[in-house]
Amino acid sequence: MLPPTTDVAAEIDATVARFAHEPDNLILILHAIQNAHGYVPRESALVLSARLGVPLARIYEVLTFYHYFRTAPPGEHTVVVCNGTSCWLNGSAEVLAMAEAHAAHEGETRVEQVRCVGCCALAPLAFADKKIYTHLDTARTADMLAALRPQRAPR
Ligand code: FES
1 MLPPTTDVAA
11 EIDATVARFA
21 HEPDNLILIL
31 HAIQNAHGYV
41 PRESALVLSA
51 RLGVPLARIY
61 EVLTFYHYFR
71 TAPPGEHTVV
81 VCNGTSCWLN
91 GSAEVLAMAE
101 AHAAHEGETR
111 VEQVRCVGCC
121 ALAPLAFADK
131 KIYTHLDTAR
141 TADMLAALRP
151 QRAPR
């Protein structure tokens, strides 16, 4: 395995030092790394494992347990589908399936799920690039996903 780049090692050292006074600081450090990069790069996790003396498997346990953390770069677009009870009862499974199909076909789109966001009267709902889309049915979901496609200039 290649040694970590100087930048990564310096970044992790600075982040570890920032949270050195906090007990159980692994999650705080992982949040800081993700806030800096949009995800937790594997190289950062490797350096962090060495610096904290925490097994890499433990770091990935934390990263995969909390849905907030990402281990891959976010796509150009993000679709967040609410899959709470009200949204699920009103068809979020179809919204999710359409969003995942879109992501598989178009690429550059990351699909995430969340539990109730507190707007159950608007179910089912999703966020596409942070814009909320409510009362989603097949047609409205298709419109939401179409808005994520790059707009081509007319010829
Ligand atoms: S279940 Fe989706 S907003 Fe409440």
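Okay, so the sequence shown: first residue is 1 according to my numbering, each after it adds one.
Glycine included, each C-beta is placed from N, C-alpha and C at the ideal position.
If you're wondering where the values come from, they're calculated on a predicted model, not measured in any experiment.
In this structure, residue 123 has its CB closer than 7 Å to one or more heavy atoms of the ligand FES. The bridge partners DSSP lists for residue 128 are 79 and 131. Short of 7 Å from the beta carbon of residue 87, and not among the five residues preceding or following it, lie these beta carbons of its own chain, in chain order: 123, 124 and 125. Residue side-chain check: residue 81 keeps its Cβ at 7 Å or more from all non-hydrogen atoms of the ligand FES. Three or more Cβ pairs closer than 8 Å define a contact, and the segment 96-116 meets that threshold against the segment 73-83. Looking at 129, 119 and 14, the one whose alpha-carbon comes closest to that of residue 110 is 129.
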